[in-house]
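First the structure, in the form of structure tokens, and then the observations on it.
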Amino acid sequence: TVINTITKAPDEQGKSVDYTEVTIEVVRLFASKNPQAISPELKRALESDDEAELKALLDDYTLLFSINFGSDKKSEIDYQAKKIIAMPDLFFGGLNFVLNLGGVFLFYFTFFTWILKGRTPGKWLFGIRVVRLDGRPIGLWDAFGRAGGYSASLSTLGLGFLEAIWHPNRQTVHDRISGTVVIRGR
Numbered sequence: 015t016v017i018n019t020i021t022k023a024p025d026e027q028g029k030s031v032d033y034t035e036v037t038i039e040v041v042r043l044f045a046s047k048n049p050q051a052i053s054p055e056l057k058r059a060l061e062s063d064d065e066a067e068l069k070a071l072l073d074d075y076t077l078l079f080s081i082n083f084g085s086d087k088k089s090e091i092d093y094q095a096k097k098i099i100a101m102p103d104l105f106f107g108g109l110n111f112v113l114n115l116g117g118v119f120l121f122y123f124t125f126f127t128w129i130l131k132g133r134t135p136g137k138w139l140f141g142i143r144v145v146r147l148d149g150r151p152i153g154l155w156d157a158f159g160r161a162g163g164y165s166a167s168l169s170t171l172g173l174g175f176l177e178a179i180w181h182p183n184r185q186t187v188h189d190r191i192s193g194t195v196v197i198r199g200r
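Numbering (my numbering), first residue to last: 15 to 200.
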């Protein structure tokens, strides 16, 4: 997803609002995190704290924010294209990768378990499925709760997954959270 920020835009009442100060602050943050990526003219304007020059220079640049799942692309300034590309690493560092991976994981297990009625592609391949203990079909919130419950199973250093070995209903921690169990059957 790429979002172009604009320096002037209407607010809720339709008045023109100047976002140049926000853009300048983002560039200052960018310069503090990536000083070698700043063009010499931007660097001079930042060091001299000359807001008029900064505003004039930034009018020539397009500020882009991009969210890429699992991307290793870093923030950069493209002098020829006059673009400042601020990737999430500028603000969050490696946390971005963890959050994106967690989001993809949560989406995958929620979506497939719900849409495929208790199966993910892997469960389908192995001939197993998730069912509710009360016999009702798996709903969206059931699938979401079960997918979120994986973190509880992982938080015990993975022992929550092994609990199925000794539990009478063969349930893991995330199964008990969501009131589900895994059974054989396509």
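Using N, Cα and C, we set each Cβ at its ideal position, and we do this for glycine too.
Assuming residue i and residue j are in contact, meaning their beta carbons sit under 8 angstroms apart, how far apart are those beta carbons, in whole angstroms?
i      : j      : result
Val144 : Gly163 : Contact flag wrong, Cβ pair sits at about 11 angstroms.
Gly2   : Arg198 : Residue 2 lies beyond the residue range present for the chain, which begins at 15 and ends at 200; the question has no answer from this structure.
Trp128 : Leu154 : 5 angstroms
If you draw a straight line from the alpha carbon of residue i to that of residue j, how long is it in whole angstroms?
i      : j      : result
Val196 : Gly116 : 22 angstroms
Ala205 : Lys47  : Since the displayed the chain opens at 15 and closes at 200, residue 205 lies outside it and no answer follows.
Tyr152 : Arg146 : Here residue 152 is Ile; the residue named in the question, Tyr, does not match the sequence. Roughly 6 angstroms between the two C-alpha positions.
Gly193 : Asn114 : 27 angstroms
Val41  : Gly174 : 45 angstroms
Thr170 : Asp63  : 51 angstroms
Ile81  : Glu61  : Residue confidence for Ile81 is low, a pLDDT of 42 falling below 50, so the modelled location carries little weight and cannot support an answer.
Pro182 : Pro49  : 59 angstroms
Asp148 : Gly159 : 16 angstroms
Gly136 : Arg150 : 22 angstroms
Gly172 : Ile179 : 13 angstroms
Leu43  : Val118 : 28 angstroms
Ser53  : Ala45  : 10 angstroms
Ile38  : Arg58  : 14 angstroms
Glu177 : Arg184 : 8 angstroms
His188 : Leu56  : 52 angstroms
Going along the chain, which residues of its own chain have a beta-carbon closer than 6 angstroms to the beta-carbon of residue i, five neighbours each way excluded?
i      : result
Phe126 : Thr134
Phe123 : Ala161
Ser85  : Bear in mind that a pLDDT of 46 at Ser85, under 50, signals an unreliable position, so the number given afterwards is only what the model happens to contain. Cβ within range, chain order: n/a, list empty.
Find out if the Cβ-Cβ distance for the pair residue i, residue j is shorter than 8 angstroms.
i      : j      : result
Ala161 : Leu130 : no
Ser165 : Thr186 : no
Considering only residues of the same chain and omitting the five flanking positions on each side of residue i, which have a CB-CB separation below 7 angstroms?
i      : result
Asp156 : Arg146, Ser192, Thr194
Would you check whether the ligand COA has a heavy atom nearer than 7 angstroms to the C-beta of residue i?
i      : result
Phe158 : Ligands displayed in this structure: none; no statement on the ligand COA is therefore possible.
Would you list, in sequence order, the uninterrupted beta strand (DSSP E) runs of no fewer than 3 residues that lie entirely inside the region 167–199?
194–198
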